[in-house]
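*Asks:* Can you read through this structure? Questions will come right after.
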Amino acid sequence: MTLSSIRKVYQGAADRRQMFRMFDRHKDRPNRTDDDATALYAGEWFEIGAAEHDYIFEILPPLWMRGDMFAMREFLTGSITSVFFELRIDGRVRYFHAYCDLGDRKSPERMRAAIIERESRPVRAMTREERLEHIWSSTHDPYRGYADRRFPAAERGKRIVIVYGQDRSHDFRLLDRLTDADIAVKLPVHLRYLPDAIAA
Numbered sequence: 014m015t016l017s018s019i020r021k022v023y024q025g026a027a028d029r030r031q032m033f034r035m036f037d038r039h040k041d042r043p044n045r046t047d048d049d050a051t052a053l054y055a056g057e058w059f060e061i062g063a064a065e066h067d068y069i070f071e072i073l074p075p076l077w078m079r080g081d082m083f084a085m086r087e088f089l090t091g092s093i094t095s096v097f098f099e100l101r102i103d104g105r106v107r108y109f110h111a112y113c114d115l116g117d118r119k120s121p122e123r124m125r126a127a128i129i130e131r132e133s134r135p136v137r138a139m140t141r142e143e144r145l146e147h148i149w150s151s152t153h154d155p156y157r158g159y160a161d162r163r164f165p166a167a168e169r170g171k172r173i174v175i176v177y178g179q180d181r182s183h184d185f186r187l188l189d190r191l192t193d194a195d196i197a198v199k200l201p202v203h204l205r206y207l208p209d210a211i212a213a
């Protein structure tokens, strides 16, 4: 399971409980202790509230502070750590969490630019990938997981979520193979009918 690239993983501002849950969205992945998870986490970002931003700032002294961002001194994996942003977008101050690879000195600035570009779009919309990531982030652990021996060998280790049929039957399906109808059912009502965004 390799993701990488900059990607929004939750629509809306996460509260404290959601924020802590999303800090390790991949905690139950197979072979957690054996693999390099850098590509899995690097580039993930989501919005948080001012209270969550300030709470994290007060927990530990930051590794560094640069204007509208600060980095945590605890690394998640390799050179990946949390970077928190306080950004003015369309005249409003908003707060974000992102995983940046500090092995690349320009990673936080690229993340900052990507968040501003994404959140400055005039029309509220979501890409298919953003819809899938939101579903993964908002699905509780008993209803999501990773493909096991029930799946063909080539699909094992990929993310799966439970899907319910009209006859109340249910089964796990690969997240990246959900149909548009599956996605619509699994999204909250206020996100179901957003237009498709063109991936940046």
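For the sequence shown, the working numbering begins at 14 and goes up steadily by one.
Using N, Cα and C, we set each Cβ at its ideal position, and we do this for glycine too.
What is the DSSP secondary structure of Ser-95, reduced to helix, strand or coil?
*Replies:* The sequence position of residue 95 within the sequence shown is 82, counting from 1. Three-state DSSP puts Ser-95 in a strand.
*Asks:* What does the Cβ neighbour count give for Ala-167, buried or exposed, with the cut at 16 atoms within 10 Å?
*Replies:* Numbered from 1 along the sequence shown, position 154 holds the residue referred to as residue 167. Around the beta carbon of Ala-167, fewer than 16 other beta carbons sit within 10 angstroms, so the residue counts as exposed.
*Asks:* What are the start and end residues of each continuous alpha helix (DSSP H) run of 4 or more residues lying completely inside the stretch 110–149, in chain order?
*Replies:* Taking only runs of at least 4 residues, the alpha helix (DSSP H) segments lying wholly in the stretch 110–149 are 120–132.
*Asks:* Any idea what DSSP makes of Ile-69, helix, strand or coil?
*Replies:* Start at 1 with the first residue of the sequence shown, and residue 69 comes out as number 56. In the structure shown, Ile-69 sits in a helix (DSSP, three-state: H, G or I).
*Asks:* Our contact map puts Asp-103 next to Ala-55 with C-beta atoms below 8 Å; I'd like the distance itself, whole angstroms only.
*Replies:* As a working mapping, residue 103 is identified with position 90 in the sequence shown. As a working mapping, residue 55 is identified with position 42 in the sequence shown. With 8 Å as the limit, Asp-103 and Ala-55 do not qualify as a contact, their Cβ atoms being about 27 Å apart.
*Asks:* Phe-109 and Glu-142: beta carbons closer than 8 Å?
*Replies:* Residue 109 sits at position 96 when you count from the first residue of the sequence shown. Residue 142 sits at position 129 when you count from the first residue of the sequence shown. The answer is no: Cβ separation not under 8 Å.
*Asks:* Keeping to the same chain, check which residues put their C-beta closer than 7 Å to that of Arg-20; ignore five residues upstream and five downstream.
*Replies:* For this step, residue 20 is matched to residue 7 along the sequence shown. Cβ within range, chain order: Gly-56, Glu-57, Glu-142, Glu-146.
*Asks:* What does the alpha-carbon distance come out to for the pair Arg-101 and Asp-81?
*Replies:* Against the sequence shown, residue 101 aligns to sequence position 88. Against the sequence shown, residue 81 aligns to sequence position 68. As the crow flies, the alpha-carbon of Arg-101 is around 9 Å from that of Asp-81.
*Asks:* Starting from Asp-193 and walking both ways along the beta strand (DSSP E), at which residues does that stretch end?
*Replies:* Locating residue 193 in the sequence shown gives position 180, where the first residue counts as 1. First-last for Asp-193: 193–199, but that is the alpha helix (DSSP H), not the beta strand (DSSP E).
*Asks:* Given that a residue counts as buried once 16 or more other Cβ atoms are within 10 Å of its Cβ, and exposed if not, what is Ile-72?
*Replies:* Taking the first residue of the sequence shown as 1, we reach residue 72 at position 59. Exposed is the call here.
*Asks:* Is Asp-189 helix, strand or coil by DSSP?
*Replies:* Mapped onto the sequence shown, residue 189 falls at position 176. Assignment of Asp-189 by DSSP, reduced to helix, strand and coil, places it in the helix class.
*Asks:* Closer than 7 Å by C-beta to Ser-150: which residues in its own chain qualify, once you throw out the five before and the five after it? Chain order, please.
*Replies:* As a working mapping, residue 150 is identified with position 137 in the sequence shown. The answer, listed in chain order, is Val-22, Tyr-23, Met-35, Arg-38.
*Asks:* Helix, strand or coil for Leu-76, going by three-state DSSP, please let me know.
*Replies:* Start at 1 with the first residue of the sequence shown, and residue 76 comes out as number 63. In the three-state DSSP reduction, Leu-76 falls in the coil class, being neither helix nor strand.
*Asks:* Counting beta carbon pairs with one atom in the stretch 187–200 and one in the stretch 171–179, are three or more of them shorter than 8 Å?
*Replies:* Yes, the stretch 171–179 touches the stretch 187–200.
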